[in-house]
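Numbering of the sequence shown is given in my numbering, commencing with residue 368 and proceeding in unit increments. Report on the following structure.
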Amino acid sequence: MSQVVQAESCGEPFEGKVAVASVILNRTVDSKFPNTIEQVIKEKGAFSCIDKYGNINKIPDKNSYAAVMEALKGNDPTNYSLFFYNPKIATCKWMKNVSKHNKKAIGNHVFFKI
368 MSQVVQAESC GEPFEGKVAV ASVILNRTVD SKFPNTIEQV IKEKGAFSCI DKYGNINKIP
428 DKNSYAAVME ALKGNDPTNY SLFFYNPKIA TCKWMKNVSK HNKKAIGNHV FFKI
């Protein structure tokens, strides 16, 4: 999980790293997603940093590890969001156009539910 946090939130503030970890955890308890962290992370198309074989090639830094620990303690700055994207660089059309609920901007990302 810390590898995904590193890859998806490199350059983001610590709160943004906690937010990415929180999205992963939030998905594990939502019926529309798999119920384990590993399954959520490896779900096809879920995270752009995961290759087609379900692998990620990132070494997490100490802040990514710490952010995961914060999220595991229940610190969720996203209002229970299930999705996030960077509107400045997003290429996924549905992400840009979908109706978003409980939106919250943290760093360069927008966190939301649909």
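Cβ coordinates follow ideal geometry from the N, Cα and C atoms, glycine included.
Simplified DSSP state of residue i, which is helix, strand or coil
| i | result |
| --- | --- |
| Ala-434 | helix |
| Phe-451 | strand |
Candidates the options: closest to residue i by CA position
| i | options | result |
| --- | --- | --- |
| Asn-446 | Ile-423, Lys-467 and Lys-471 | Lys-471 |
| Val-385 | Ser-448, Val-435 and Thr-403 | Val-435 |
Counterpart residues of residue i in DSSP-defined beta bridges
| i | result |
| --- | --- |
| Ile-473 | His-476 |
Own chain, CB closer than 6 Å to residue i, minus 5 neighbours either side, in chain order
| i | result |
| --- | --- |
| Ile-417 | Ile-423 |
| Ser-389 | Ala-438, Asp-443 and Thr-445 |
| Glu-382 | Pro-444 and Ile-473 |
| Pro-427 | Ser-369, Gln-370 and Gln-373 |
Same chain, Cβ closer than 7 Å to residue i, neighbours up to 5 away in sequence not counted
| i | result |
| --- | --- |
| Ile-408 | Met-368, Val-371, Ile-391, Phe-414 and Ile-417 |
| Ser-466 | Ile-481 |
| Glu-375 | Val-387, Phe-414 and Cys-416 |
Contact set for residue i: own chain, Cβ-Cβ below 8 Å, skip 5 residues either direction
| i | result |
| --- | --- |
| Ile-404 | Met-368, Ile-391, Leu-392 and Thr-395 |
Distance cut-off 7 Å: residue i Cβ against heavy atoms of the ligand PLP
| i | result |
| --- | --- |
| His-476 | With respect to small molecules bound, the structure shown includes none, and the ligand PLP cannot be examined in it. |
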